[in-house]
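Take 1 as the starting number for the sequence shown in this note's numbering and just add one per residue.
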Amino acid sequence: MDLGELTDAQLLALWSDVMDELRDRDVVRTANNPTGDVAEALVARFFNGERGSFSQKGWDVLGPDRERIQVKAIRITDRNARTRKNLSAIRDTDYDSVVVVVFNADFTVREALKFPRSTVEELFEHRDYVNGRIIVMGPRLLEHPTVERLDFTALT
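Structure representation (structure tokens):
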């Protein structure tokens, strides 16, 4: 198999299958490793923005209008579909909005949501044990009037 001949989508689907097998073999414990990077790339492409550096705190993508976007991602698999609702903590306040990208197991985008920092601060209290706010993908967020659904279908 010549991986160089595969599309990005085909490579991600192959990676998904490999990660499932590695997990079955107890080689890896999680299925999330490149999920955040893939989400950041899609968000940067969607907004025609620039990705932040690895040392950049607070935001992941800088939009052309200088909007600082914090990107969060989750990959839903058969193993975590019922239990996976919490995203990783937001520990900084140096951002203007959040985009959450929800992937299916094969890295197709299930949904993408955008909302302002004020929504995070309104809905999710600061948790000392993580030194941040944990976004929960539940009805309070999904039905909030500031949440905008984004159409990423042209990107994948």
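By construction, the Cβ of each residue, glycine as well, lies at the ideal position given by its N, Cα and C atoms.
Since residue i is in the alpha helix (DSSP H), which residue starts that stretch and which ends it?
{"i": "L11", "result": "8–24"}
{"i": "E115", "result": "Checking the displayed sequence, the identity of residue 115 turns out to be Phe instead of Glu. Note, F115: premise wrong, no alpha helix (DSSP H); beta strand (DSSP E) at 109–116."}
{"i": "R140", "result": "139–142"}
Quick check on the burial criterion: 16 or more other C-beta atoms within 10 angstroms. Buried or exposed for residue i?
{"i": "Q10", "result": "exposed"}
{"i": "E40", "result": "buried"}
{"i": "F54", "result": "exposed"}
{"i": "T119", "result": "buried"}
{"i": "L142", "result": "exposed"}
{"i": "D65", "result": "exposed"}
With distances taken Cα to Cα, identify the nearest neighbour of residue i among the options.
{"i": "R117", "options": "I69, Y129, S16", "result": "I69"}
{"i": "R79", "options": "L113, E21, E148, A154", "result": "E21"}
{"i": "N112", "options": "R82, F46, W59", "result": "Reading off the sequence, residue 112 comes out as Ala, not Asn. Comparing Cα positions, the closest option is F46."}
{"i": "L12", "options": "I134, R75, G49", "result": "R75"}
Please list the terminal residues of the continuous beta strand (DSSP E) segment that includes residue i.
{"i": "R75", "result": "68–75"}
{"i": "E148", "result": "148–150"}
How many angstroms separate the CA atom of residue i from the CA atom of residue j?
{"i": "Q56", "j": "R91", "result": "13 Å"}
{"i": "R25", "j": "S16", "result": "14 Å"}
{"i": "T93", "j": "P34", "result": "24 Å"}
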